[in-house]
Each structure stands twice: as structure tokens, then as C-alpha cells.
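A.B. asks: I'd like to ask you about the structure that follows.
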Amino acid sequence: MYTPSTEAELAEIIRDADGPLAVRGGGTRGIDATGAPLSTSNLSGITLYEPGAMTVVAQAGTPVSKIEEKLAAENQRLAFEPMDHRTLLGKTGEPTIGGVMAANISGPRRISVGAARDFLLGVRYVDGMGSIVKNGGRVMKNVTGYDLVKLMAGAHGTLGVLTEVSFKVLPCPETEATLVLHGLDETSAISALAKALGSPFEVSAAGHDPAEQQTLLRVEGFEDSVRYRIGALQKLLGGESTIEQESKALWAAWRDVAGFSNATEDIWRVSCKPSDAPALTARSGATAVRYDWAGGLIWMRAPTGHALRAALGRYEGHATLIRGEGQAMFEPETAGVGRINAGLRARFDPRGILNKGLMG
Amino acid sequence: MEMPVPNPAVLSRKARVVERLSAVLPADAVIHDERETRAYECDALTAYRCAPMVAVLPSNTEQVSAVLRICHEEGVPVVPRGSGTSLAGGALPTADCVILGVARMNDVIETDYENRFIRVQTGRTNLSVTGAVEEEGFFYAPDPSSQLACAIAGNIAMNSGGAHCLKYGVTTNNLMGVKMVLMDGEIVDIGGAYLDAGGLDLLGVICGSEGQLGVVTEATLRILHKPEGARPVLMGFDDNEVAGECVSDIIKAGVLPVAIEFMDRPCIEATEAFAKAGYPMCEALLIVEVEGSDAEIDHQLDLIMDIARRHNPVELRQSKSPEESAAIWLGRKSAFGAMGQINDYMCLDGTIPVSSLPHVLRRIGEMSKEYGLKVGNVFHAGDGNMHPLILFDANKPGDLELCEAFGADILKLCVEVGGCLTGEHGVGIEKRDLMHVQYAPADLEAQMAVKDVFDPQWLLNPAKVFPLDASDTRRQMAVAAE
Numbered sequence: 001m002y003t004p005s006t007e008a009e010l011a012e013i014i015r016d017a018d019g020p021l022a023v024r025g026g027g028t029r030g031i032d033a034t035g036a037p038l039s040t041s042n043l044s045g046i047t048l049y050e051p052g053a054m055t056v057v058a059q060a061g062t063p064v065s066k067i068e069e070k071l072a073a074e075n076q077r078l079a080f081e082p083m084d085h086r087t088l089l090g091k092t093g094e095p096t097i098g099g100v101m102a103a104n105i106s107g108p109r110r111i112s113v114g115a116a117r118d119f120l121l122g123v124r125y126v127d128g129m130g131s132i133v134k135n136g137g138r139v140m141k142n143v144t145g146y147d148l149v150k151l152m153a154g155a156h157g158t159l160g161v162l163t164e165v166s167f168k169v170l171p172c173p174e175t176e177a178t179l180v181l182h183g184l185d186e187t188s189a190i191s192a193l194a195k196a197l198g199s200p201f202e203v204s205a206a207g208h209d210p211a212e213q214q215t216l217l218r219v220e221g222f223e224d225s226v227r228y229r230i231g232a233l234q235k236l237l238g239g240e241s242t243i244e245q246e247s248k249a250l251w252a253a254w255r256d257v258a259g260f261s262n263a264t265e266d267i268w269r270v271s272c273k274p275s276d277a278p279a280l281t282a283r284s285g286a287t288a289v290r291y292d293w294a295g296g297l298i299w300m301r302a303p304t305g306h307a308l309r310a311a312l313g314r315y316e317g318h319a320t321l322i323r324g325e326g327q328a329m330f331e332p333e334t335a336g337v338g339r340i341n342a343g344l345r346a347r348f349d350p351r352g353i354l355n356k357g358l359m360g
Numbered sequence: 361m362e363m364p365v366p367n368p369a370v371l372s373r374k375a376r377v378v379e380r381l382s383a384v385l386p387a388d389a390v391i392h393d394e395r396e397t398r399a400y401e402c403d404a405l406t407a408y409r410c411a412p413m414v415a416v417l418p419s420n421t422e423q424v425s426a427v428l429r430i431c432h433e434e435g436v437p438v439v440p441r442g443s444g445t446s447l448a449g450g451a452l453p454t455a456d457c458v459i460l461g462v463a464r465m466n467d468v469i470e471t472d473y474e475n476r477f478i479r480v481q482t483g484r485t486n487l488s489v490t491g492a493v494e495e496e497g498f499f500y501a502p503d504p505s506s507q508l509a510c511a512i513a514g515n516i517a518m519n520s521g522g523a524h525c526l527k528y529g530v531t532t533n534n535l536m537g538v539k540m541v542l543m544d545g546e547i548v549d550i551g552g553a554y555l556d557a558g559g560l561d562l563l564g565v566i567c568g569s570e571g572q573l574g575v576v577t578e579a580t581l582r583i584l585h586k587p588e589g590a591r592p593v594l595m596g597f598d599d600n601e602v603a604g605e606c607v608s609d610i611i612k613a614g615v616l617p618v619a620i621e622f623m624d625r626p627c628i629e630a631t632e633a634f635a636k637a638g639y640p641m642c643e644a645l646l647i648v649e650v651e652g653s654d655a656e657i658d659h660q661l662d663l664i665m666d667i668a669r670r671h672n673p674v675e676l677r678q679s680k681s682p683e684e685s686a687a688i689w690l691g692r693k694s695a696f697g698a699m700g701q702i703n704d705y706m707c708l709d710g711t712i713p714v715s716s717l718p719h720v721l722r723r724i725g726e727m728s729k730e731y732g733l734k735v736g737n738v739f740h741a742g743d744g745n746m747h748p749l750i751l752f753d754a755n756k757p758g759d760l761e762l763c764e765a766f767g768a769d770i771l772k773l774c775v776e777v778g779g780c781l782t783g784e785h786g787v788g789i790e791k792r793d794l795m796h797v798q799y800a801p802a803d804l805e806a807q808m809a810v811k812d813v814f815d816p817q818w819l820l821n822p823a824k825v826f827p828l829d830a831s832d833t834r835r836q837m838a839v840a841a842e
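Line order of the protein sequences matches chains A and B.
Under this note's numbering, think of the first position of the first sequence as 1, with each following residue one higher.
Under this note's numbering, think of the first position of the second sequence as 361, with each following residue one higher.
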């Protein structure tokens with residue numbers, strides 16, 4: 001395994017490569033491309049942290065845990081709440097910030113504050129020819145030239161290998177609480193979540209677990225404000241509800257889709273229009289589901305090899321295979337978009353060596 | 361400001377191009393008389409003007425596609441135009457171009473409150489997007505100060521921000537999908553009423569690409585429910601540095617206001633003379649706004665004022681009513697107009713790390729003396745986006761050039777301290793030749809490679825964003841290929 005400890009060394013490895021490279025951070029996300037493994041884990045360290053400006057610059061291989069620790073000391077956090085895939089996928093290893101950004105990993109708070117890509121301010125990366133490129137910067141507002149930062153977020157290393165990332169962080173709220181609605185079926189649950197998000201009461205996470213018939217709404221902020229908003233939501237939504245005070249622990253488990261995985265079945269992540277979610281589930285052939293993002297994200301478990309995309313048919317959204325074999329991880333592209341993507345790959349990685357075939 | 365020499369071969373084909381465009385568009389949608397094309401000679405960067413060869417005003421995506429296919433076949437450059445409010449010259453024509461204006465495309469296609477999005481044609485103005493949903497209590501968050509006039513098309517092209525983006529983000533954070541026409545006329549759909557891309561995040565690179573990758577005809581935008589209320593507090597300080605520290609302390613304390621606006625003394629003085637908002641005469645003034653229920657607002661403003669008191673403010677004025685809020689915002693909202701009363705001005709848009717604020721303001725003050733030009737600073741302090749307004753006299757020979765040189769020095773300073781050339785206005789032609797300051801050749805090459813993929817002939821808005829010398833080979837190839 002290649003484990004360069006400087007950006008220059010990484011550039012040299014890519015320049016001299018005579019075959020595909022399997023790019024990874026800590027290797028915890030179940031992304032296994034063919035080729036010689038290349039890990040950024042030795043490019044590690046926080047280079048700058050300004051709490052008053054809410055910005056961090058870190059090398060790509062810096063462990064997420066190191067960053068979270070440092071932020072916690074200043075009462076700040078990665079607000080997009082990146083999930084840890086180790087529980088779900090049964091992986092070991094250390095998740096890195098570069099991996100989080102390259103795969104655009106976000107958690108339940110994605111619906112209120114945005115995704116990893118929305119917090120990423122700047123990148124340095126090495127493209128498929130070994131050139132070092134920078135884009136963006138470390139300030140929160142920047143429209144200077146094209147936003148390659150967004151393009152690199154979610155490119156899963158196929159357009160370049162991230163070496164350094166700058167990102168925005170946010171202050172931790174004083175407290176949080178979760179309103180749990182009981183006994184709702186899927187359609188009523190999704191419509192309750194929509195009602196809550198269509199209110200002024202700033203819900204920061206919204207999920208539904210059909211197995212437990214529990215519908216969850218998280219509220220964060222100053223103590224009085226949290227109490228007021230939870231009360232307002234109870235009044236707005238009616239029905240049977242309780243307030244979960246162990247909110248932090250609940251969402252930590254929820255973020256990582258704890259208890260959902262089993263040993264054998266495929267795991268899918270479906271992004272859709274929230275109100276379409278119950279109907280999609282009904283025709284999916286899934287054996288278990290869990291709804292996050294107010295229904296906009298459906299976690300699905302399906303029998304090994306089940307053609308889930310075919311079962312879902314046409315809808316506004318896409319499905320990603322998180323664990324399973326024999327099917328493409330990413331949704332097949334439409335013809336027009338496919339041509340653009342192929343064109344971009346040909347320019348950023350003309351030899352096609354970075355995570356070859358992973359995204360098309 | 362240099363622009364490429366018009367291509368004589370294209371100019372000689374004007375009659376044929378007009379004929380072909382007239383065959384696919386309504387008669388009143390093709391403007392080619394020289395007296396009428398003059399209406400499109402500039403955007404809000406009025407120092408530079410050039411009438412286009414033709415202007416077209418299509419009404420739907422299919423017409424846009426037909427126009428682009430013809431221009432592609434004829435090798436005619438196309439400059440897309442929203443409402444023409446760009447301060448960076450993003451919609452400045454060349455004499456051999458077709459201006460493609462989306463102003464007639466302003467329909468709401470779909471509103472969906474349950475899933476919290478709206479789909480519109482992109483000629484619709486920013487404020488009228490909110491107008492379409494406010495009866496149900498919703499709004500579209502990005503709020504550039506030109507929001508009454510500016511089009512969503514231009515907001516997407518420039519990735520526009522606004523005063524409230526500290527909490528709600530800029531256009532790219534609120535854009536879910538687009539329908540876009542490529543230069544060869546192909547129509548592509550990217551993203552939609554769902555979150556995050558299923559493959560590469562093309563939406564992310566299209567937003568902010570200044571109309572160089574395609575013409576966006578429809579957009580899916582996130583809408584939010586309005587907060588119960590919002591109120592600001594105004595605070596004055598005797599020292600810029602202290603005001604900067606106060607901003608930093610507010611952020612560190614965990615209060616996240618929706619807006620933190622900053623004005624310096626020259627700006628306060630000009631504004632007071634013009635709008636009489638009753639601002640204190642001091643070195644630095646902050647307006648901090650928070651949202652929520654009345655009790656929530658009071659609680660947050662109390663916390664903010666406690667922090668402010670530790671920095672010895674000369675004034676601390678909390679709004680208790682909509683009238684008092686309006687009075688506090690009055691001066692800030694009239695700042696540009698007030699500066700315009702004194703003289704012509706150029707508005708810059710660099711961003712700096714918030715921690716560099718005192719240093720940058722001091723240096724701007726020194727440079728102002730060196731250049732002999734007055735400057736006032738308005739500033740989105742929470743996110744470091746500065747708007748220095750340099751005063752000059754357009755009728756005085758050499759003053760515009762002097763002002764541009766001063767502006768360039770300020771932007772170089774922004775980059776030097778770790779910031780950037782433009783936070784929300786875009787590069788256009790205005791900052792095009794300064795891109796070298798922020799980006800190395802390999803960085804610019806990577807960006808230009810993206811344009812190569814979307815628009816191989818470099819026909820869409822070709823002389824913008826990239827320094828002319830950097831894009832020269834590519835633009836020449838387009839001319840030679842005819």
C-alpha cells in the first residue's frame with residue numbers, strides 16, 4: 001500500500017503509476033476499487049483552526065476523531081454530522097476528514113444545515129496526471145472562478161486525490177431534545193415530519209423508524225427555546241408523543257443506522273422527494289427500511305442481489321448500493337450527464353487510474 | 361479593460377444569423393437594429409459598454425435550445441443575461457455576440473410546500489420567488505441587495521449571496537436542480553427535488569460558472585418557512601479592532617445571528633448625511649440580527665449585548681419593534697446610495713478571514729491616502745465578505761484608472777491575508793485579470809478544462825472569468841475552427 005507523507009510524494013506516486021490506484025482515507029466506507037491501494041492516512045494534521053472565524057484547515061488524512069476532539073474543546077462541531085460507516089459495514093480503521101469530504105458524507109442534520117459539500121470551503125488535490133491543484137480557500141464566501149470544491153466533494157477520489165481540505169464549523173448549541181411521536185404508519189409519519197419542517201420551529205433532524213413505529217424530531221438551541229419549540233411542535237402535530245431527554249445518544253446511534261444491518265442482505269441508500277418515500281418503499285421489495293431527512297433519505301435492506309433499482313422504477317432521485325455485490329454502486333447516468341462526466345474524467349484523469357470504474 | 365477583437369467573419373454573417381434566429385423565435389424576440397441592441401450594451405458595471413450584434417429573448421427551454429444550436433453552427437459567441445444587474449460585467453457583450461436574455465422566462469412551474477421546493481423559469485426575479493410562496497409563510501433565502509431586480513439565472517451564474525447567508529447559505533446551498541441547455545443545444549437535467557447528487561456533483565460546479573458552461577432555463581430551489589420574527593441590535597465602537605473582536609466573541613459564544621453587518625466611519629458619515637438614520641458617529645458600527653419567537657429573540661439579543669458591553673460600546677440600541685428594526689436597517693440599506701450621492705463609486709467584493717479585519721482596514725486606510733481617493737467600508741462581518749466603496753470622479757480623466765488600480769491593490773491584499781478576490785459578485789471582466797493573483801497556472805488550467813468539456817468551442821461568454829492571456833489559445837482555436 002502506498003502511504004505518502006507529503007503532497008509532493010503523493011504527486012510523484014500518481015505520476016509514476018503504471019496501473020490503477022485504489023484511493024482511500026481510512027478505508028472505512030466500503031469503497032473498494034481495483035488497483036494498488038493508495039492511502040492518504042499519513043497526510044495528517046490540523047494546520048489551522050480559528051474558532052472565531054469558524055474555519056479549519058486540515059490535511060486529508062487527519063482522523064475525524066482528532067478534529068472532533070479539537071472542536072469540542074472550543075464548543076464547536078462538524079455540523080453536517082458525518083456518519084461513521086463502521087457499525088453498518090462492520091469495518092475497522094480510522095475515518096479521515098478527506099474521506100468524509102471525498103464521499104460527501106452527511107448525517108441527520110443535513111436537512112437543516114446542509115451536506116459536507118456545503119461546509120467544504122477549499123481543497124488541494126493531486127489530479128490523475130500528478131499535478132497539484134488548489135481551489136476555493138478558507139473563507140466562507142468565495143465565488144472566485146469555478147467551484148471545483150463542490151465537484152471534488154462526492155467525486156470519491158475519481159477526479160483527484162484530496163491532500164488538504166478547509167471547512168466551516170459551527171458552535172454547539174446549549175442543549176437539545178427529541179420529540180418522539182408514537183404509532184404512526186409510514187404515510188402519516190412522513191406527512192407529520194413535513195408539517196414539522198414546514199413550521200418556523202427549526203427542526204434539526206427528522207426520522208421515522210417503521211419497525212418501532214417511532215417518529216423522531218430533534219430541536220437544538222438555548223434551553224428555553226428548545227422547551228418552547230418542542231411544546232409548539234407537540235401542539236402542531238398532536239397525537240401520542242413523548243420527549244426523549246437522552247437525545248444525543250439517540251441521534252448518535254441513528255446517524256450510524258445502528259441495528260439496521262444484518263450479516264447477509266444488501267444495503268441501499270435512496271435519495272428521493274420525501275412525499276414519494278412510502279410509495280417507493282411499497283414497491284421496492286426491501287425487507288426493512290428506515291427513513292431519515294424527513295423521508296428524503298430511505299435506508300433499505302434487500303435480499304442479496306435483488307434488482308432494487310428496477311423495482312423502484314422511475315422517480316425523482318437516485319439509489320446508492322452501500323453494501324452488496326454485482327450491481328453498480330452509483331445510479332447509472334442519463335446520456336447527457338454521462339457524456340459530461342466522461343469528459344470530466346478524461347480531463348482530470350486521462351489514464352483512468354483513480355478509483356477506476358467506481359463512478360462510471 | 362481589454363476585450364477580444366470582434367471576429368470579422370462572424371460580423372459578416374449577421375444577416376444570415378438574424379434570419380435563422382427569426383425562423384425559430386417570435387418576431388419581437390430577435391433584436392438586431394443597432395438603435396435597439398444598444399439597450400443591452402452593459403450591465404450594472406456601467407463603465408464598460410459594447411452593443412451586441414443581436415439580442416434574443418426566448419420564452420422557453422426549446423427556444424433557448426434552438427438559439428444555441430444555431431449559434432453553435434454559425435460559430436457565434438453567446439453572452440447569457442439575466443436582469444443585467446451584474447457588478448462584475450458578467451453580461452457585458454462583445455460586438456460579435458448574441459445576447460441571450462432570459463427575462464421573458466419568468467413562470468413558476470411548480471410549488472411544493474410539503475417537500476419544500478419551488479420550480480421556476482430562471483428569468484424570474486429573486487424577490488418574486490419569495491413573492492410566489494410568502495402567502496403560505498415560506499421564503500427563498502438568498503437575498504442579494506439587488507433582489508428586487510436580479511434574476512435567478514444570474515444568481516445561479518454568480519452563486520449570489522446576501523446579508524442573511526451567515527445562517528442560510530448562498531445560492532449553491534439552496535439550489536437543488538437545474539434544467540440547462542448546452543452550447544450545442546442539448547438539454548440536460550441535473551439534480552431535482554431531492555438531496556445530493558447520485559454521481560459527480562455537476563450542480564455544484566454549474567452554480568457560479570458565470571454562464572460559461574450552459575444556459576440554465578429552469579431551477580428547483582429550496583424554500584423555507586419564515587421565522588416567527590427577527591430583530592436587530594445596533595452597536596457602535598471607537599475602534600475597528602474592538603468591533604472585530606466583538607464579532608469573533610459573538611460567534612465563539614455559540615449565538616449564530618442571521619446577519620452581522622459592519623460599517624466604518626466614512627460610510628457612517630455619508631449615510632447619516634443622506635438617510636439620517638440616527639447612527640452614532642464612531643469608528644465602527646455593527647448591526648446584528650437574530651430570529652425566533654419574541655422570547656427567543658430577547659434572550660439572544662441579551663447574550664449579544666452582554667458580549668458587546670465587555671468591549672465598551674459607545675452605543676447599544678436594541679430594537680423592540682418592527683419600526684425600530686426598520687430604523688436600524690435604514691442606514692445600512694441606504695449606504696450604497698449615500699456613497700453615490702457624494703461621487704461615482706466602485707464597489708469591491710473581496711473576502712478575508714474575519715481575524716484579519718483590523719489589519720485589512722488599516723491598510724485600506726493607508727492606501728486611500730496614497731491614492732488620494734476616499735473609501736468607505738460596508739462589510740458582511742460574520743463571513744468576512746467586504747464591500748469597500750471607492751469614490752472617484754468619472755468625468756475626471758485618469759480617475760477611473762486610478763480607482764481600478766486602488767481596487768486591484770485592495771483585492772491583492774485580500775488574497776495576501778488568506779482571502780479571495782470576490783465573495784458574491786463574481787469575476788466577470790472586472791476581476792478577470794487578477795485571477796493570477798489567487799490561482800497558479802495549474803489551478804486555472806483545471807477550471808478551464810471544465811469549460812472545455814461543457815463548451816469545447818469556447819463560445820459561451822468566452823472572454824470572462826479567466827485572464828485573457830490564459831484563455832487565449834482556447835478562444836483562438838474557436839475562431840480558427842470556423
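Even glycine gets a Cβ: it sits at the ideal position worked out from N, Cα and C.
Only a predicted model underlies this, so the values are computations on that prediction, with no experimental measurement involved.
Within 9 Å (strictly less), CB to CB, does Lys-134 of chain A reach chain B?
C.D. replies: It does: the Cβ of Lys-134 of chain A has a partner Cβ on chain B nearer than 9 Å.
A.B. asks: Please list, in chain order, all residues of the same chain as Asn-262 of chain A whose beta carbon is under 8 Å from its beta carbon, the five residues on each side excluded.
C.D. replies: Once the five neighbours on either side are set aside, the close Cβ partners of Asn-262 of chain A are Arg-301.
A.B. asks: If you draw a straight line from the alpha carbon of Gly-574 of chain B to that of Glu-401 of chain B, how long is it in whole angstroms?
C.D. replies: Going by the C-alpha atoms only, they are around 21 Å apart.
A.B. asks: Where does Trp-818 of chain B fall in DSSP's three states?
C.D. replies: In this structure, Trp-818 of chain B counts as coil in the three-state DSSP scheme.
A.B. asks: Can you find at least 3 beta carbon pairs, one from the segment 566-585 of chain B and one from the segment 468-486 of chain B, that sit closer than 8 Å?
C.D. replies: Touching, yes, given that three or more Cβ pairs across the two stretches are closer than 8 Å.
A.B. asks: Under the assumption that Asp-127 of chain A contacts Gly-160 of chain A (Cβ atoms under 8 Å), give the Cβ distance between them as a whole number of angstroms.
C.D. replies: Right, their Cβ atoms sit about 4 Å apart.
A.B. asks: State the Cα-Cα distance for the pair Trp-293 of chain A and Phe-201 of chain A, rounded to the nearest angstrom.
C.D. replies: Each residue's alpha carbon lies about 16 Å from the other.
A.B. asks: Does the count of Cβ pairs from the segment 228-247 of chain A and the segment 327-337 of chain A closer than 8 Å reach three?
C.D. replies: Short answer: they don't touch.
A.B. asks: Taking 9 Å as the CB-CB limit, is Phe-498 of chain B close to chain A?
C.D. replies: Closer than 9 Å to some Cβ of chain A, the Cβ of Phe-498 of chain B qualifies, so yes.
A.B. asks: Taking CB distances under 9 Å as the criterion, tell me whether Tyr-799 of chain B reaches chain A.
C.D. replies: Tyr-799 of chain B counts as touching chain A.
A.B. asks: Please compile the residues from chain A whose C-beta is within a distance smaller than 8 Å of the C-beta of Gln-807 of chain B.
C.D. replies: Per Cβ cutoff of 8 Å: Asn-135, Gly-145, Tyr-146 and Leu-148.
A.B. asks: What's the gap between the Cα of Glu-730 of chain B and the Cα of Leu-771 of chain B?
C.D. replies: Taking the straight line from one Cα to the other gives about 16 Å.
A.B. asks: Which bits of chain B does Thr-281 of chain A rub up against, with CB to CB less than 7 Å?
C.D. replies: Neighbours of Thr-281 of chain A on chain B: none; closest Cβ ~15 Å, over 7 Å.
A.B. asks: Per DSSP, which residues does Lys-134 of chain A bridge with? Please list them.
C.D. replies: For Lys-134 of chain A, which the question treats as bridged, DSSP gives the partners A:Arg-124.
A.B. asks: Nearest chain A C-beta to Met-363 of chain B closer than 9 Å, yes or no?
C.D. replies: Not one chain A Cβ lies under 9 Å of Met-363 of chain B.
A.B. asks: Suppose you measure from the CA of Thr-187 of chain A to the CA of Gly-107 of chain A; what does that come to, to the nearest Å?
C.D. replies: Near 23 Å, if we compare the C-alpha coordinates of Gly-107 of chain A and Thr-187 of chain A.
A.B. asks: Could you tell me the alpha carbon to alpha carbon distance between Pro-504 of chain B and Gly-136 of chain A, rounded to whole angstroms?
C.D. replies: Each residue's Cα considered, the two are about 21 Å apart.
A.B. asks: Per DSSP, which one or two residues make a beta bridge with Trp-251 of chain A?
C.D. replies: Paired residues: none, contrary to the question.
A.B. asks: At a CB-CB cut-off below 9 Å, which residues of chain B make contact with Glu-331 of chain A?
C.D. replies: Per Cβ cutoff of 9 Å: Gly-558 and Gly-559.
A.B. asks: Quick check on Met-795 of chain B - is its C-beta less than 9 Å from some C-beta in chain A?
C.D. replies: Closer than 9 Å to some Cβ of chain A, the Cβ of Met-795 of chain B qualifies, so yes.
A.B. asks: By the criterion of Cβ-Cβ separation under 7 Å, what are the contact partners of Gly-786 of chain B in chain A?
C.D. replies: Correct list: Val-143.
A.B. asks: Anything in chain A within Cβ reach of Tyr-705 of chain B, meaning under 9 Å, just list it in chain order.
C.D. replies: Under the 9 Å cutoff, chain A gives no residues; its nearest Cβ is about 21 Å from Tyr-705 of chain B.
A.B. asks: Kindly list, in the order they appear in chain B, the residues whose Cβ is closer than 8 Å to that of Trp-293 of chain A.
C.D. replies: Under the 8 Å cutoff, chain B gives Leu-555.
A.B. asks: Would you mind listing the beta strand (DSSP E) stretches within the segment 520-591 of chain B that are 3+ residues and don't spill past its ends, in chain order?
C.D. replies: The segment 520-591 of chain B contains these whole beta strand (DSSP E) runs: 535-541, 547-551 and 575-582.
A.B. asks: Given this structure, state the Cα-to-Cα distance separating Asp-662 of chain B from Pro-437 of chain B, to the nearest angstrom.
C.D. replies: Roughly 56 Å between the two C-alpha positions.
A.B. asks: Under 8 Å by Cβ, that's how I've got Thr-531 of chain B and Ile-516 of chain B pegged, so tell me the actual separation to the nearest angstrom.
C.D. replies: About 6 Å; that satisfies the 8 Å criterion.
A.B. asks: Since Val-416 of chain B contacts Ala-389 of chain B with CB under 8 Å, what's their CB separation in whole angstroms?
C.D. replies: Confirmed, Cβ separation roughly 6 Å.
A.B. asks: Using DSSP bridges, identify the partner residues of Val-416 of chain B.
C.D. replies: Val-416 of chain B is bridged to B:Val-390 and B:Leu-460.
A.B. asks: Could you give the first and the last residue of the continuous beta strand (DSSP E) run that contains Val-205 of chain A?
C.D. replies: The residue you asked about is not Val; residue 205 of chain A is Ala in the sequence shown. 203-209 is the span of the beta strand (DSSP E), which, as asked, contains Ala-205 of chain A.
A.B. asks: Comparing alpha-carbon positions, which option in A:Gly-98, A:Met-140, A:Met-129 and A:Arg-345 lies nearest Asp-779 of chain B?
C.D. replies: Note that residue 779 of chain B is Gly in the sequence shown, not Asp. For the residues A:Gly-98, A:Met-140, A:Met-129 and A:Arg-345, the minimum Cα distance to Gly-779 of chain B belongs to A:Met-140.
A.B. asks: In the DSSP assignment, find the beta strand (DSSP E) that holds Asn-737 of chain B and state where it starts and stops.
C.D. replies: 735-740 is the extent of the beta strand (DSSP E) around Asn-737 of chain B.
A.B. asks: Using a Cβ cut-off of 7 Å, pull out every chain A residue sitting near Cys-567 of chain B, in sequence order please.
C.D. replies: The contacting residues are Asp-147.
A.B. asks: Indicate whether Lys-824 of chain B and Gly-444 of chain B have their beta-carbon atoms separated by less than 9 Å.
C.D. replies: Contact flag unset, no.
A.B. asks: Have a look at the DSSP bridge pairing and note the partners of Tyr-49 of chain A.
C.D. replies: Tyr-49 of chain A pairs with A:Val-56.
A.B. asks: For Met-54 of chain A, which residues from the same chain have a beta carbon less than 8 Å from its beta carbon, with the 5 sequence-adjacent residues on both sides left out?
C.D. replies: Counting only Cβ-Cβ distances below 8 Å, and skipping sequence neighbours, we find Gln-76, Met-140, Lys-168, Val-169, Leu-170 and Pro-171.
A.B. asks: Could you give the residue range of the alpha helix (DSSP H) that holds Tyr-731 of chain B?
C.D. replies: Start and end: 717-731.
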